[in-house]
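Participant:
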Amino acid sequence: MPDRLLHIAHFDGRKRRAFVYRCGSTGEYRVELWVGGLRRYEADYWTEDHGDALRTAAAMVSA
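The sequence shown stops at residue 135 when you use this note's numbering, and every number in between is there.
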């Protein structure tokens, strides 16, 4: 089962976007940080809590 995009947090002034996905096979949430159109691999974050994923996405784009 494919991952499903649930939320996009963005901060346009710095061209930062964080994408929150739900993993289809495990049910965990994944947060990816993209800066200026490039994925920042070291910033990926996994959690089992939806609220934690949303808070992390907001923190990533505002940092």
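Using N, Cα and C, we set each Cβ at its ideal position, and we do this for glycine too. Fair warning: this is a prediction, and the values are worked out from it, not measured in the lab.
My output table needs one value for residue 98: the three-state DSSP class, helix, strand or coil.
Facilitator: It is coil, neither helix nor strand.
Participant: So, for residue 119: in the same chain, excluding its five sequence neighbours on each side, which residues have a beta-carbon less than 8 Å away from its beta-carbon?
Facilitator: 100, 101, 103, 125 and 128
Participant: Quick check on DSSP: helix, strand or coil for residue 90?
Facilitator: strand
Participant: Taking the DSSP output, what are the residues bridged to residue 81?
Facilitator: By DSSP's assignment, residue 81 forms a beta bridge with 90.
Participant: If you follow the alpha helix (DSSP H) that residue 112 is in, where does it begin and where does it stop?
Facilitator: Counting along the chain, residue 112 sits inside no alpha helix (DSSP H), nor does DSSP assign it H or E at all.
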